[in-house]
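A.B. asks: Those protein sequence lines, which keep their order, are chains P and V. Numbering of the first sequence is given in my numbering, commencing with residue 79 and proceeding in unit increments. Numbering of the second sequence is given in my numbering, commencing with residue 6 and proceeding in unit increments. Yeah, the Cβ is synthetic: ideal placement off N, Cα and C, and Gly gets one too. This is the structure, below, for whatever I ask next.
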Amino acid sequence: MTLRGLWKLTWIEIKIFLREPLGAFGSIGVPVLVFLVTGRLIGRGLPPSALATSSFIRVGLPVLASVLITISAVLSLVTIVSIYREGGILKRLRATPLRPQTILTAHVLVKLILTAATLALMVLAGKRYYPIGVRVPFFSFTLALLISTWSILSIGFLIASIVPTARFAQPIGAVILYPMIGISGLFLPVDSLPPAMHAVARALPLTYAVSLLQGIWNGDPWSAHLGDVAALVVVFVICTALSAKVFRWE
Amino acid sequence: MRSVIQVSGVRKTYGPTVAVDEVSFEVNNGEIFGLIGPNGAGKTTTMECIEGLRTPDCGSISVLGLDPFREVYELQDRIGVQLQQAQLQKRIKVWEAVDLWASLYGKKATDAEHLLGQLGLTDKRNAWFMNLSGGQKQRLFIALALINDPEVVFLDELTTGLDPQARRAIWDLVRGIRERGKTVFLTTHLMEEAERLCDRVAIIEHGRIIEIDSPEKLVARHCPERTVVLSTSDPSAEELFRAIQGVEHVTRSDSRFTVRGRGDDLVTEVIHCLSENRIRVTDFRTILPNLEDVFLKLTGHSIRE
């Protein structure tokens, strides 16, 4: 597989994204701002001891923020791919020696880089406003987030492969991805859900991503989450294989 | 003359619709070859099979000795492609697109800045794609199709949607490509464009090729009719016109005569008759058949229907 043109295409796509009105501000500025403002409000209203003991603030919030940013990046990818397809841009790029996988990899890289930038800014901001006081295994968490992101991205690609028009891409993606958060274990432990919901949650990939992220953030060893990693890899493989089969260039 | 594209027995269906059926032709080195026909006749499908963007159901295609299906990347490296109704990223700058394209090809790309200058895009090099006019976009797509100094250039409905002035400018560019020794394969539904640009054309309808030859030969073969329209108040004119060799019809309304016949000599014969009999005319023009008439004759309907 030759990746000729990958870096140039990735760099151009980043520049194009930043040129869009609300592009940089909406995807990087808004999450960081919301994070800062809530941090300020919570930080004022609660004594530091409450902050340290609230498990939602200690673990839930960082994981929720990571998952939300990932999903919004994936949705933006779904939208871009369908707009590019509808406008004939994908087809034009394909009528060159560019390999199809290079074109798609470039878009994934753009999203990963922007997601990483957003999260890095939040970590910097969080240091100031969230006196979480726990040692976060930063490297492991990054790796866990990367695995989760690849998996969610592959779902996004599958959605992008089958949505008929760009107009429906964003709403369909949102309807599929956002409800997964509700029963993913972020707000309630999955085991406390009613049996039917429990079964559904177990079938959803996001549940495994949340379990992995929360565990690693809490300092669990990787060996405790091999099941989660395996589930995410299976999702990635299945979705990638399916989208390779059904993906349309025009 | 060496042929650079060979197409033989190509068929392509989409569900129950047969887009292209038993299409066979060859394109010679250094010529401008046009695939002409109405919208939906199968022009783009045929072209995209040759470019390796679609796989035919059956038949064989060879471009520069390569199989467009199995050797698509080798092929893409040596050809230049302009697609119908293509777009680029809205906010990509002209120079970024050219720079990206230039980086994709194995051999050393042509001088991008020189190419932009030739196509009149130098002062637009920092403009976003979305802010270019239709003609500028098409010129950019031509630049992208030429960036790798290709041996064969494919142009699909190049001037559709452009105003006559931009269209003429683009025609000059296409002739310039041929002058540099390249082969040009184009599709168009504009008969005037085909007539002015193409060395040879293939007429396609309902997915089948019904004729291939140079525009002049097609006109001579299928539409030998010639028409002279003139105005004169000479009372003896009508009888004299009818006596001219090759004349088949003479119609008259007031002082205006329409003389129809066949053969290349008809116009000369009419002029000869006028001067010999000292007939005074106040208006004289000839109507020569063109590709449009050939198309009408071969298919029984106009290309615009």
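Are V/A102 and V/F134 touching if we call contact CB-CB under 8 Å?
C.D. replies: The answer is yes: Cβ separation under 8 Å.
A.B. asks: So what does DSSP say about P/W327, is it helix, strand or coil?
C.D. replies: The answer is coil: DSSP assigns P/W327 none of H, G, I, E or B.
A.B. asks: For a contact defined as C-beta to C-beta under 8 Å, what are the partners of P/L192 on chain V?
C.D. replies: Residues of chain V passing the Cβ test: none, with the nearest at roughly 16 Å.
A.B. asks: Enumerate in chain order the residues of its own chain whose CB-to-CB distance from V/K48 is below 7 Å, with the five nearest sequence positions on each side excluded.
C.D. replies: Counting only Cβ-Cβ distances below 7 Å, and skipping sequence neighbours, we find L40, G42, T192, I209.
A.B. asks: Where does P/A151 sit, in a helix, a strand or coil, going by DSSP?
C.D. replies: Helix.
A.B. asks: Is it buried or exposed for V/F146, if we count other Cβ within 10 angstroms and need 16 for buried?
C.D. replies: With 16 or more Cβ atoms within 10 Å of its Cβ, V/F146 is classed as buried.
A.B. asks: Output yes if chain V places a C-beta closer than 8 Å to the C-beta of P/K169; else output no.
C.D. replies: It does; some Cβ of chain V falls within 8 Å.
A.B. asks: What residue does the beta strand (DSSP E) around V/C63 start on, and which one ends it?
C.D. replies: Per DSSP, V/C63 belongs to the beta strand (DSSP E) from 63-68.
A.B. asks: Quick check on the DSSP output: what are the complete beta strand (DSSP E) runs of length 3 or more inside the segment 168-206 of chain P, in order along the chain?
C.D. replies: With a minimum length of 3 residues, no continuous beta strand (DSSP E) run stays inside the segment 168-206 of chain P.
A.B. asks: For P/P178, decide whether its Cβ has a neighbour in chain V, counting only Cβ atoms nearer than 8 Å.
C.D. replies: It does not: the Cβ of P/P178 has no partner Cβ on chain V nearer than 8 Å.
A.B. asks: Taking C-beta pairs closer than 8 Å, name the residues in chain V that P/P242 reaches, listed in chain order.
C.D. replies: In chain order: nothing, as chain V lies at least about 16 Å away.
A.B. asks: Within 10 angstroms of its Cβ, does V/Y19 collect 16 or more other Cβ (buried), or is it exposed?
C.D. replies: Exposed, by the Cβ-count rule.
A.B. asks: Quick test of the definition: if touching needs 3 or more C-beta pairs under 8 Å, does the segment 162-175 of chain P touch the segment 86-99 of chain V?
C.D. replies: With a cut-off of 8 Å, the segment 86-99 of chain V and the segment 162-175 of chain P count as touching, because enough Cβ pairs lie within range.
A.B. asks: Identify each residue in the segment 106-127 of chain V for which the Cβ-Cβ distance to at least one residue of chain P is less than 9 Å, and report them in chain order.
C.D. replies: Per Cβ criterion, the list reads W106, S108, L109, Y110, G111.
A.B. asks: Return the bridge partner residues of V/Q87 from the DSSP annotation.
C.D. replies: Beta-bridge pairing links V/Q87 to V/L160.
A.B. asks: State the Cα-Cα distance for the pair P/A274 and V/C54, rounded to the nearest angstrom.
C.D. replies: Using only the alpha carbons, I get a separation of about 51 Å.
A.B. asks: Tell me the rounded alpha-carbon separation between V/T291 and V/V234.
C.D. replies: Rounded to whole angstroms, V/T291 to V/V234 spans 6 Å at the Cα level.
A.B. asks: Comparing the C-beta of P/I94 with each C-beta of chain V, is any distance below 8 Å?
C.D. replies: At least one chain V Cβ lies under 8 Å of P/I94.
A.B. asks: What residue ranges within the segment 203-236 of chain V form continuous beta strand (DSSP E) runs of no fewer than 3 residues, ordered along the chain?
C.D. replies: Fully enclosed beta strand (DSSP E) runs of 3 or longer: 205-210, 213-218.
A.B. asks: What does DSSP give as the partner residues of V/Y110 in its beta bridges?
C.D. replies: For V/Y110, which the question treats as bridged, DSSP gives no partner whatsoever.
A.B. asks: Among all the DSSP beta bridges, which residues are the ones paired with V/T192?
C.D. replies: BP columns for V/T192 point to V/L40, V/D161.
A.B. asks: Do you know how far the Cα of V/L71 is from the Cα of V/C228?
C.D. replies: Straight-line Cα distance between these residues: approximately 38 Å.
A.B. asks: Helix, strand or coil, according to DSSP, for V/F246 in the structure here?
C.D. replies: V/F246 falls in the helix class under three-state DSSP.
A.B. asks: CB-CB under 8 Å to V/G35, same chain, minus the five flanking residues each way: which ones, in chain order?
C.D. replies: The answer, listed in chain order, is M6, R183, G186, K187, T188.
A.B. asks: Examine chain V for any beta-carbon lying closer than 8 Å to the beta-carbon of P/G293, and answer yes or no.
C.D. replies: Answer no: the Cβ-Cβ gap between P/G293 and chain V never drops below 8 Å.
A.B. asks: Look at the alpha carbon of V/A117 and the alpha carbon of V/L80, and state the distance between them as a whole number of angstroms.
C.D. replies: Roughly 21 Å between the two C-alpha positions.
A.B. asks: At the 8 Å Cβ level, is P/I90 part of the contact set with chain V, yes or no?
C.D. replies: Closer than 8 Å to some Cβ of chain V, the Cβ of P/I90 qualifies, so yes.
A.B. asks: Taking the straight line between their C-alpha atoms, what separation do you get for P/Q179 and P/M200?
C.D. replies: Using only the alpha carbons, I get a separation of about 31 Å.
A.B. asks: Take every Cβ of the segment 108-121 of chain P, pair it with every Cβ of the segment 215-229 of chain P, and state whether three or more of those distances are shorter than 8 Å.
C.D. replies: The segment 108-121 of chain P, when compared against the segment 215-229 of chain P, does not touch it at the 8 Å Cβ threshold.
A.B. asks: For the candidate residues V/I152, V/A150, V/N153, V/R172, whose alpha-carbon lies nearest to that of V/S138?
C.D. replies: Nearest option by C-alpha distance: V/R172.
A.B. asks: Within 8 Å (strictly less), CB to CB, does V/Q92 reach chain P?
C.D. replies: It does: the Cβ of V/Q92 has a partner Cβ on chain P nearer than 8 Å.
A.B. asks: In the DSSP assignment, find the beta strand (DSSP E) that holds V/N320 and state where it starts and stops.
C.D. replies: For residue 320 of chain V there is no data in the structure shown, the boundaries of chain V being 6 and 310.
A.B. asks: Can you check the segment 230-313 of chain P for any alpha helix (DSSP H) of at least 4 residues that lies completely inside it and give the ranges in chain order?
C.D. replies: 244-260, 273-281, 283-296, all fully within the segment 230-313 of chain P.
A.B. asks: Taking the Cβ atom as the reference point for each residue, do V/D82 and V/G111 lie within a distance shorter than 8 Å?
C.D. replies: Yes, the Cβ-Cβ distance between V/D82 and V/G111 is below 8 Å.
A.B. asks: Taking 8 Å as the threshold (beta carbon to beta carbon), is P/L81 in contact with chain V?
C.D. replies: Not closer than 8 Å to any Cβ of chain V, the Cβ of P/L81 fails to qualify, so no.
A.B. asks: At a CB-CB cut-off below 8 Å, which residues of chain V make contact with P/A238?
C.D. replies: Per Cβ cutoff of 8 Å: no residues; P/A238 is ~16 Å from chain V at best.
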